[in-house]
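Per the working numbering, the very first residue in the sequence shown carries number 3; after that it's consecutive.
Written below as structure tokens is the structure these notes are about.
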Amino acid sequence: MGGHGMGGGAGGGNVTALFRTTGAHTPSYFALERAGDGSRGPIDFCIPCNPYFPTPAMFESLAGRLRDILTYYPSDADTVTAELCAVLGLNRQTVAMGNGSTELITWIDHLLVRDSLAVPVPTFGRWTDQPMETGKRVDMFPLPEADGFALDPHAFVSFIRARGSRTAVICNPNNPDGGLLPRRSVLALLDALTDLDLVVVDESFLEFADAEADASVADEAVLRPNVIVLRSLGKNFGLHGVRFGYLVANPAVAGKVRTALPKWNLNSFAETVVFMLREHAHEYLESLHIVRRDRLEMTRTLSALPGLTVYPSQGNFLFVRLPVGADGVTVRDRLLDEHGILVRECGNKIGSSSRFLRLVVRPQPDVLRLVNGLGQVLHGPRREAAGPEPYLRYGSGPVADHASAPAAIQHSGYGPGEHSGYGPGGNPGYGPGPTARPAAAYTPGLTAGFHSGATAAYSSGTAAVDRLVRQV
Numbered sequence: 003m004g005g006h007g008m009g010g011g012a013g014g015g016n017v018t019a020l021f022r023t024t025g026a027h028t029p030s031y032f033a034l035e036r037a038g039d040g041s042r043g044p045i046d047f048c049i050p051c052n053p054y055f056p057t058p059a060m061f062e063s064l065a066g067r068l069r070d071i072l073t074y075y076p077s078d079a080d081t082v083t084a085e086l087c088a089v090l091g092l093n094r095q096t097v098a099m100g101n102g103s104t105e106l107i108t109w110i111d112h113l114l115v116r117d118s119l120a121v122p123v124p125t126f127g128r129w130t131d132q133p134m135e136t137g138k139r140v141d142m143f144p145l146p147e148a149d150g151f152a153l154d155p156h157a158f159v160s161f162i163r164a165r166g167s168r169t170a171v172i173c174n175p176n177n178p179d180g181g182l183l184p185r186r187s188v189l190a191l192l193d194a195l196t197d198l199d200l201v202v203v204d205e206s207f208l209e210f211a212d213a214e215a216d217a218s219v220a221d222e223a224v225l226r227p228n229v230i231v232l233r234s235l236g237k238n239f240g241l242h243g244v245r246f247g248y249l250v251a252n253p254a255v256a257g258k259v260r261t262a263l264p265k266w267n268l269n270s271f272a273e274t275v276v277f278m279l280r281e282h283a284h285e286y287l288e289s290l291h292i293v294r295r296d297r298l299e300m301t302r303t304l305s306a307l308p309g310l311t312v313y314p315s316q317g318n319f320l321f322v323r324l325p326v327g328a329d330g331v332t333v334r335d336r337l338l339d340e341h342g343i344l345v346r347e348c349g350n351k352i353g354s355s356s357r358f359l360r361l362v363v364r365p366q367p368d369v370l371r372l373v374n375g376l377g378q379v380l381h382g383p384r385r386e387a388a389g390p391e392p393y394l395r396y397g398s399g400p401v402a403d404h405a406s407a408p409a410a411i412q413h414s415g416y417g418p419g420e421h422s423g424y425g426p427g428g429n430p431g432y433g434p435g436p437t438a439r440p441a442a443a444y445t446p447g448l449t450a451g452f453h454s455g456a457t458a459a460y461s462s463g464t465a466a467v468d469r470l471v472r473q474v
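Encoded structure:
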């Protein structure tokens, strides 16, 4: 979702109204687009996928093959899975490919989860919602905010024993906080839970981690009778719409899931992308490197915003806590209506609250727009008569504009207008690029959504929030 439309007015009101009727998830891009005013969608800090892959050349290749992709049946799932395994160096007997990782979660629940499942929260919602929908008992282990939502494996094992859970799930890195357990800790957890029916390690975001050279336990999963490792392709490859993911387990477990899946559960887009991967491995690895760099820059930039707490993350997203008195729903709606920025408010995640946002890692020009928008929503418009009052500081120096930032922040790899997006024409130029736009591009009045009167007239219906967002 790239662009700068979907601001205030009737379109914006229709868009924010969608959140009132949506259940566990944010409205889809297409729902937001239909409810908007016809302009391009917002800058997307919500959907956690890779903004640097596929490359523009790959998108052009896919576009050139669109007629055939849409016209003809795909190969069967075994053919696509065999190619993926050849690219990744996996034994095809240990892999099952699904139409998105959520399809695999559904089949894991139906086939392998008997009566109870233990999972730390907050986490990916399908790991709590799916078992409850089929009548299983879900034992939720709260991750302590005081510890930065870090998972204590020993405490989790004790919790599982106390509850008598028969299945255990961890997401590594966890969604929404990005916390990562090192490989040795995950292996110790697996060793402690060998008597369980099943232990699932969801590694959907592990490709973005760099704290350890290889934290995956997929190689161990193929040797153990009760372990599944789940991996995503859509998130890593920046293609949520294609819907593909896979699991790795010992041949008996993987075969049980693979046999239950429909023979043609993978579409022609998925097949086409999988067969493109061999020749684009270098670009893919480079894209991960750039995302990791952007994560460091975004963490530093957001951490300088007064009152905002940013938790360490190994995913391609950051979990942030808003200042005391700020309401995430209000912040989300105003960012969308007034600034054309879409964020994930986490009040409907079990174990979280509306004080928390999950923000996807994006290039620094987009992050600076986010910071300026958050500054206005949380702290009110700048007083121009007294000179721009910066919302953002590095050390003691103001960094309200891009040129004042450290050199490492200034170089974003993007030239003017090259924001990474998820709509037609929104994908960025790939690879190292020119220095980002100068300060003037980020000052009030030159970026969409800076309306000094809008904040003053805004009423959230909550006096404490109104005082917070109106203060200058």
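Built from N, CA and C at the ideal position, the CB exists for glycine as well.
Same chain only: Cβ atoms within 6 Å of R323, ignoring 5 sequence neighbours per side
Counting only Cβ-Cβ distances below 6 Å, and skipping sequence neighbours, we find T311, R357, F358.
Pick helix, strand or coil for T311, following the three-state DSSP scheme.
In the structure shown, T311 falls within a strand segment according to DSSP collapsed to helix, strand and coil.
In chain order, what residues of the same chain have a beta carbon less than 7 Å from the beta carbon of K265, not counting five sequence neighbours either side?
D78, A79
How is C348 classed by DSSP in three states: helix, strand or coil?
coil
Just list the residues that DSSP pairs P184 with in beta bridges.
Answer is none; P184 lacks a bridge partner.
Using the beta-carbon count (16 or more within 10 Å), is D117 buried or exposed?
exposed
Out of L192, F161, T83, point me to the one whose CA is closest to N269's CA.
T83
Since L192 and R226 are thought to touch, with beta carbons under 8 Å apart, how far apart are those beta carbons, to the nearest angstrom?
7 Å
Run of the alpha helix (DSSP H) containing L64, from where it starts to where it stops:
L64 -> alpha helix (DSSP H) spans 58 to 66.
Cut-off 6 Å between Cβ atoms - residues of its own chain near T169, not counting five sequence neighbours on either side
V115, L119, D199, L200
Nearest to L304 by alpha carbon, out of D149, V362, V259?
Nearest C-alpha to L304: V362.
Who pairs with G247 in a beta bridge, going by DSSP?
Looking at the DSSP output, G247 bridges to G100, S234.
Is the region 284 to 297 touching the region 155 to 163, taking contact as three or more C-beta pairs under 8 Å?
Between the region 284 to 297 and the region 155 to 163, the count of C-beta pairs closer than 8 Å stays below three; the two stretches do not touch.
By the three-class DSSP mapping on this structure, what secondary structure does F210 have?
helix
State yes or no: is the C-beta of R164 within less than 9 Å of the C-beta of G317?
Here the sequence assigns Ala to residue 164, which means Arg is not the residue at that position. Their beta carbons are not under 9 Å apart, which means A164 does not touch G317 by this criterion.
Same chain, Cβ closer than 8 Å to V121, five either side skipped, listed in chain order
W129, T130, V140, D141, M142, F143, A170, V171, I172
Cβ-based burial, R186 [other Cβ within 10 Å; buried from 16]
exposed
State the DSSP-derived secondary structure class of G136, mapped to helix, strand or coil.
With the sequence shown as reference, residue 136 is identified as Thr, and Gly is not the correct amino acid for it. Reduced to three states, the DSSP call for T136 is coil.
If I measure Cβ to Cβ from L155 and keep anything under 6 Å in the same chain, skipping five residues before and after, which residues do I get?
Note that residue 155 is Pro in the sequence shown, not Leu. Setting aside the 5 residues that flank it on each side, P155 is surrounded in the same chain by S187, L191, each with a C-beta closer than 6 Å to its C-beta; the list follows chain order.
Beta-carbon separation of N101 and A272 under 9 Å?
yes
Using 9 Å as the threshold, is the C-beta distance between P175 and L145 below it?
Not closer than 9 Å, so no.
Could you pull the DSSP bridge partners for C173 from this structure?
D204
Near V331, what residues of its chain come up, given a Cβ to Cβ distance below 7 Å and the 5 sequence neighbours on each side ignored?
E347, G349, S356
Are A98 and L337 close, meaning C-beta to C-beta below 9 Å?
For A98 and L337, no; Cβs fall outside 9 Å.
Measure the CB-CB distance between Q366 and E299 and report whether it falls below 9 Å.
yes
Excluding the 5 residues flanking W109 on each side, which residues of the same chain have their C-beta closer than 6 Å to its C-beta?
V259, A262
Applying the criterion that 16 or more other CB atoms from any shown protein chain within 10 Å of the CB defines a buried residue, is L189 buried or exposed?
exposed
Per DSSP, R336 is paired with what?
Beta-bridge pairing links R336 to no other residue.
Count the other CB atoms, across all protein chains shown, that sit within 10 Å of the CB of E340; report buried if there are 16 or more and exposed otherwise.
buried
The beta strand (DSSP E) enclosing R357, as first and last residue numbers:
Unbroken run through R357: none, as it is neither H nor E.
C-alpha gap between G166 and D197, whole angstroms:
11 Å
One question on the structure: do G240 and F126 come within less than 9 Å of each other, judged by their Cβ atoms?
At the C-beta level, G240 and F126 stay beyond 9 Å of one another.
In the DSSP assignment, the alpha helix (DSSP H) including D221 goes from what residue to what residue?
220 to 223 is the extent of the alpha helix (DSSP H) around D221.
In the structure shown, what three-state DSSP assignment does G253 receive?
In the sequence under discussion, the amino acid at residue 253 is Pro, which differs from the Gly named in the question. Correct three-state label for P253: helix.
Can you tell which of P184, D149, T104 has its C-alpha closest to the C-alpha of P133?
T104
Report the rounded CA-to-CA distance for D368 versus D335, giving the unit in angstroms.
18 Å
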